[in-house]
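Count along the sequence shown from 1, add 105, and you get the number used in the numbering used here. For every residue, glycine included, the Cβ atom is placed at its ideal position computed from N, Cα and C.
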Amino acid sequence: MPLDVRVIGPEERDTRTAQTPGLRRFAAICADKTGSSELWMGYAVLEPGGKTGVHHHGESETAIFVISGVTRWWVGEELDDVREAHAGDFVFIPPGIVHWEQNASETEPVEMIVARSTQEAIVVAVEGHPHRPAHAS
106 MPLDVRVIGP
116 EERDTRTAQT
126 PGLRRFAAIC
136 ADKTGSSELW
146 MGYAVLEPGG
156 KTGVHHHGES
166 ETAIFVISGV
176 TRWWVGEELD
186 DVREAHAGDF
196 VFIPPGIVHW
206 EQNASETEPV
216 EMIVARSTQE
226 AIVVAVEGHP
236 HRPAHAS
């Protein structure tokens with residue numbers, strides 16, 4: 106694919122990217138869509154009351170911009186340290202940081218723009234984490 110300026114509309118977002126139960130990711134800027142070789146960027150939705158499984162993003166740095174809603178990231182050795190982000194906030198997740206996410210609202214979705222330092226949206230499920238929440242079992 107020759108490199109050129111590309112516009113990716115909502116109907117072109119691709120769900121064939123790494124997913125986490127409870128969160129829907131849609132690729133927009135990636136090799137398949139734009140010929141990007143070092144950057145992955147997409148859109149994510151955490152449904153009302155949504156919670157993800159425990160996971161991390163491997164070697165990838167992750168940057169998130171919260172478009173709407175309030176989301177929480179549970180981190181730390183016991184997954185008991187919470188970071189809350191509101192619409193308009195940016196979030197940085199370093200490589201390998203184990204976490205799970207929760208929508209703070211039972212009625213409104215959380216919409217986010219996600220960028221990764223790797224061309225692929227890496228998601229590594231941590232099934233056997235000793236402090237995983239009951240919903241992730």
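In whole angstroms, what is the alpha-carbon distance linking residue i and residue j?
i	j	result
ALA220	ALA168	5 Å
ARG118	ALA133	5 Å
GLY155	GLY193	20 Å
HIS191	SER210	11 Å
ALA241	ASP137	31 Å
VAL229	LEU151	18 Å
For residue i, which of the options has the nearest alpha-carbon?
i	options	result
GLU116	PHE131, VAL110, HIS234	PHE131
HIS204	CYS135, GLY163, THR139	GLY163
VAL112	ALA123, MET146, THR125, THR120	MET146
ALA149	GLU216, GLU166, ALA123	GLU216
PRO153	THR122, THR223, VAL175, PRO200	VAL175
ASP185	PHE170, SER173, GLU206, GLN224	GLU206
GLY181	VAL228, PRO214, PRO235	PRO235
My output table needs one value for residue i: the three-state DSSP class, helix, strand or coil.
i	result
HIS161	strand
HIS236	coil
GLU116	helix
ALA93	No answer is possible for residue 93: it lies beyond the span of the chain, which begins at 106 and ends at 242.
ALA241	helix
Here's the rule: buried if 16 or more other CB atoms are within 10 angstroms of the residue's CB, otherwise exposed. What is residue i?
i	result
LEU108	exposed
THR139	buried
HIS160	buried
GLY201	exposed
THR157	buried
When you compare the CB of residue i with every CB in chain C, is at least one pair closer than 8 Å?
i	result
VAL171	Absent here is chain C; the protein component of the structure consists of one chain.
(request) Write down every uninterrupted run of the alpha helix (DSSP H) in the stretch 131 to 182 whose length is 4 residues or greater and which is fully enclosed by it, in chain order. (result) DSSP runs (the alpha helix (DSSP H)) wholly in the stretch 131 to 182: 136 to 139.
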